[in-house]
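For what it's worth, UniProt numbering labels the leading residue of the sequence shown as 1, then goes sequentially.
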Amino acid sequence: MRIYLCVLWAIRASGHNVHIAVDAQGALQLARDASPREPLLRRNGGSNETRSEVMLEENLAPPRTGNQSGHETPESLRAAEKERHAMSTLTYVWFPMAVVLALLFEVLHWPWAEVDWNLPMERSDGREGSEKVDSSFLGLTLLLASRAWSLARIYLAGAGRVKGRCYLLVLVWIHILGMYLDLITFDFQQRYWNLYQQPSLPLFFELIRNWFILHFTRMITYVYEFYVEDMFFLHCRDHLTRYFEAIWVPNTYVFRMREGGKFDNPDQRIHVDVANFVTQTYSLSFGVTKMIVNMLMYSYMLMSITPASMHAGTLVSIAFLYSAVGSAAMHFLGAQLAHFSWQGERCAGDFRSELRRVYDQSETVASLRSEGAELQRLKHRFEKIKLNTWQSMLLEKRLAILQKWYSPLREVLFMCILAPFFIRGEVSLGRLKQSESALDKISDSLSFLVDNYSRLSVYRATVDRLHNFRHSCLTYLHQEKSSRQAQDTQLIQTLALLGLPPGWPKRLGGADAPPAPAALPASAASGGPLQLEAALLLPSGELLIDVQLEVPAGACVLLCGKEGAGKSTILKAMAGMWPFLRNTRAPPSNDMVLIPQKPRLPMPLTLREAVSFPQSSTKWSEEEIRAVLDRVGLSDFAQNGLDVQLDVNSSLSGGEFQKLMVAHCLLQKPAWVLLDESMAHMSSANRVKMYQLLTDELVAHGSGLISTSHSWQELVSFHGHFYRIETSRTDGTQMHRELQTFDPKEALGEDELALRVKDKDAEIARLRQELVQLQRDRRNSERAN
Ligand SMILES: Nc1ncnc2c1ncn2[C@@H]1O[C@H](COP(=O)(O)OP(=O)(O)OP(=O)(O)O)[C@@H](O)[C@H]1O
1 MRIYLCVLWA IRASGHNVHI AVDAQGALQL ARDASPREPL LRRNGGSNET
51 RSEVMLEENL APPRTGNQSG HETPESLRAA EKERHAMSTL TYVWFPMAVV
101 LALLFEVLHW PWAEVDWNLP MERSDGREGS EKVDSSFLGL TLLLASRAWS
151 LARIYLAGAG RVKGRCYLLV LVWIHILGMY LDLITFDFQQ RYWNLYQQPS
201 LPLFFELIRN WFILHFTRMI TYVYEFYVED MFFLHCRDHL TRYFEAIWVP
251 NTYVFRMREG GKFDNPDQRI HVDVANFVTQ TYSLSFGVTK MIVNMLMYSY
301 MLMSITPASM HAGTLVSIAF LYSAVGSAAM HFLGAQLAHF SWQGERCAGD
351 FRSELRRVYD QSETVASLRS EGAELQRLKH RFEKIKLNTW QSMLLEKRLA
401 ILQKWYSPLR EVLFMCILAP FFIRGEVSLG RLKQSESALD KISDSLSFLV
451 DNYSRLSVYR ATVDRLHNFR HSCLTYLHQE KSSRQAQDTQ LIQTLALLGL
501 PPGWPKRLGG ADAPPAPAAL PASAASGGPL QLEAALLLPS GELLIDVQLE
551 VPAGACVLLC GKEGAGKSTI LKAMAGMWPF LRNTRAPPSN DMVLIPQKPR
601 LPMPLTLREA VSFPQSSTKW SEEEIRAVLD RVGLSDFAQN GLDVQLDVNS
651 SLSGGEFQKL MVAHCLLQKP AWVLLDESMA HMSSANRVKM YQLLTDELVA
701 HGSGLISTSH SWQELVSFHG HFYRIETSRT DGTQMHRELQ TFDPKEALGE
751 DELALRVKDK DAEIARLRQE LVQLQRDRRN SERAN
């Protein structure tokens, strides 16, 4: 019926040579005739007239608009009576049943939920150190747009400056072409259906030809719209991902130490959030543009067809008011949706990272027999997902109630407003329907917030997660705001050049040579003494130790102290890693290798990559690498070549891993080597051997060595400066730590020291002999072969 009326209007609007005045009564009659219970042809006495002929005949009747008498006819009263009984089964059986069942369900379904409603969940209001997700109305509109724009700018001012704009240009053009094709199709449909009224073979062939051309063009635009969209999304994701990696990776440790509790799962932000941001920004931007265009266009049309006795802007104002009330109600009910979306992302990320941890620590899980405890931990994480999903479901149910009322209500509302004009005969049915349709379009546009509230809330959470993450990462990139902005801009520009194809013209933003990946923040140059003058704090803000230390270039320092005294923390501070410092002086050297207590390497790596990491595996020749592996005693691993992949974290023993780290230092030859109990897994003999290697090959050539060790006595001969962390309790609870120099001779006693040195010398002599013997054996076996 609707289609028929549309065609009728289309014929009218296109100035068809048959001048048809749309007759309201006729059309209403037609509506009744079109009812499936009373087929049109039967009502016309089953004559041979075609359906369309009958329709035309009925609608070509003289125009009579509205019920001009103002009295109800027996026929209309009968129709009302008939309508009253039309849905009696629904009214008296199904509707009450649905209400009762819904109420019962509401009361009884809670025990089925299997959810722990009292589980404490994270905050997202910026208080108590939580991340802030703005769920205010402003946060969902203007602030959202400005934050989304600042994120989109990373791409549009970077790699997207040339390519992105080209993609967008093509996509806008495809969209315009699509709209044009929609109009052509709309017009074509009218001619196509007219064929049934005026059958003609030549016309049929022409129509079929046009159909093929039209649909072939549609197919091309459709295919390339999606294809170019995907190209655009991938390029945008690629660039944004690289940007976020570049601002996060140089400060991962600081970030984790300072913001670990606040920002969950950076992996999820960089992978999932960036992808969602790209696709959602695109679809919402086009959605908003379409909404604005429709709103302006149909507001103008509606004003021009408003009944004469009504003020021109009344209908538009009603549509505005209606949408404003709907949006306000929606926001009032659903403000928490952005928080639930953020929380959902967090819970899902936490659950995934827990699964990943179980996988990574499978050896510990198996050896501790901790399967039960791990299952409990996983269950706890999933409980949070369940609770969050339930909270969102409840909120979405409330929103669905509003939404399911809101949209159908508007049809009735507009009808109630316009019906009096129609009944008074001021407007024709065509005008009425046209006004309704325009009002529909306007309120559709204005109800963008209502219809897309859930989507916008999810988008808000995504944008906030990325915005907050970026903001924090940039803080660690540079403390001062002006330098931070400059560094950010420079980074975006560097990445922009990386995104251009090779040989891209310079005048279009290209460069002669591809720029280097984003650099680490600047730190002090190598050479010179290593200084640390700072108060080292714990993450809680409590003072750990006040350190005033200056190590001359090339010096060897041994740092001792009990467990938990602060040795590792001092090494981290010297390396510039420890973020909790006060009254700091002297930045760290960047020509330094710190081997932590439990180092881990990426996996899988080849042996060549592992020993070179993080430097390029091509930096050293095969001979150099083999020689160094031989010296540290890892030559067995090189038997099958240096390029066999292995997971060094699990396939090397603790001691072997530490030898690999020493081998890396020997290759890299840094100005400073910081060893945080880095030989703890080796035998005493091997520990001495490794220190001897470091002394001969690095210290002898000017490198400095700073070590921490519990069994420091055997390392005395390799160091020249000795510090000890003295711990004492000041008031029974507070731990006071102080860094003091000490004389190992006094600490050990002159005789004991001499004895130890003698032992060590004997051990070194024995090792040297072993080595000579081994080399001799090898030479003999080579000669024999
Ligand atoms: N990330 C952290 N969060 C909270 N406290 C920390 C952190 N890192 C270290 N600490 C605390 O700082 C103190 C010093 O730790 P550190 O690791 O420096 O000791 P250490 O002397 O190296 O001990 P060990 O010899 O056992 O390795 C300890 O009390 C430890 O609990």
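Every residue, glycine too, gets a C-beta built ideally from N, C-alpha and C.
Between residue i and residue j, what straight-line distance do the alpha-carbon atoms span, to the nearest angstrom?
i           : j    : result
A329        : L90  : 30 Å
A671        : S703 : 5 Å
residue 787 : R256 : The first residue shown for the chain is 1 and the last is 785, placing residue 787 beyond what the model contains.
E609        : Q615 : 8 Å
K132        : S323 : 29 Å
V365        : R357 : 10 Å
W620        : D643 : 14 Å
V699        : C556 : 8 Å
A461        : V249 : 23 Å
Q190        : T289 : 28 Å
I3          : T314 : Low local confidence applies: a pLDDT of 40 at I3 is under 50, so the model's placement there is unreliable, with the coordinate-based value given in what follows. Those two C-alpha atoms are separated by around 28 Å.
I174        : P420 : 44 Å
P514        : S437 : Low per-residue confidence applies at P514: pLDDT is 48, beneath 50, and the placement is therefore not dependable, though the value from the model is reported in the following sentence. Rounded to the nearest angstrom, the two C-alpha atoms are 56 Å apart.
V412        : A145 : 34 Å
V458        : I247 : 24 Å
L177        : T221 : 8 Å
L666        : E697 : 7 Å
Exposed or buried, what is residue i when buried is set at 16 or more other beta-carbons lying within 10 Å of its beta-carbon?
i    : result
C473 : buried
I706 : buried
K433 : buried
I625 : buried
C347 : buried
Y359 : exposed
R37  : Unreliable placement is indicated for R37, whose pLDDT of 37 sits below 50; the coordinate value is still reported in the next sentence. Result: exposed.
I492 : buried
D759 : exposed
G334 : buried
S35  : Reliability of the predicted coordinates at S35 is poor, the pLDDT of 40 falling under 50, and no value is obtained from them.
H235 : buried
N265 : buried
L558 : buried
Q391 : buried
L495 : buried
Let me know the secondary structure DSSP gives residue i once reduced to three states.
i    : result
T279 : helix
Q775 : helix
L549 : strand
Q25  : Because the pLDDT of Q25 is 41, which lies under 50, any placement of that residue in the model is unreliable, and the number read from its coordinates should be weighed accordingly. DSSP places Q25 in helix when its eight states are reduced to three.
L538 : coil
Q493 : helix
G260 : coil
Q531 : strand
A765 : helix
D116 : coil
D564 : Rather than Asp, the amino acid found at residue 564 in this sequence is Gly. Looking at G564 - three-state DSSP - the assignment turns out to be coil, as it is neither helix nor strand.
V170 : helix
R369 : coil
R484 : helix
T241 : helix
What do you reckon, is the C-beta of residue i under 7 Å from a heavy atom of ligand 1?
i    : result
M257 : yes
S728 : no
S568 : yes
Q734 : no
G564 : yes
Q597 : yes
P539 : yes
G561 : yes
L594 : no
L544 : yes
Next item on the list: Only counting runs of 3 or more residues, tell me where the beta strand (DSSP E) segments fall wholly within the stretch 666-735, in order along the chain.
Entry: Within the stretch 666-735, the complete beta strand (DSSP E) runs of at least 3 residues are 672-676, 704-708, 721-729.
Notebook entry, point to check: Quick one: complete alpha helix (DSSP H) runs, 4+ long, within the stretch 287-355?
Noted result: Restricting attention to alpha helix (DSSP H) runs no shorter than 4 residues, the stretch 287-355 encloses them at 314-334, ordered along the chain.
Next item on the list: Enumerate, from N- to C-terminal direction, the unbroken alpha helix (DSSP H) stretches of 4 or more residues contained entirely within the stretch 587-674.
Entry: 607-612, 622-632, 648-651, 654-668
Item checked: Whole alpha helix (DSSP H) elements within the stretch 121-156, 4-residue minimum -> 137-140, 142-156
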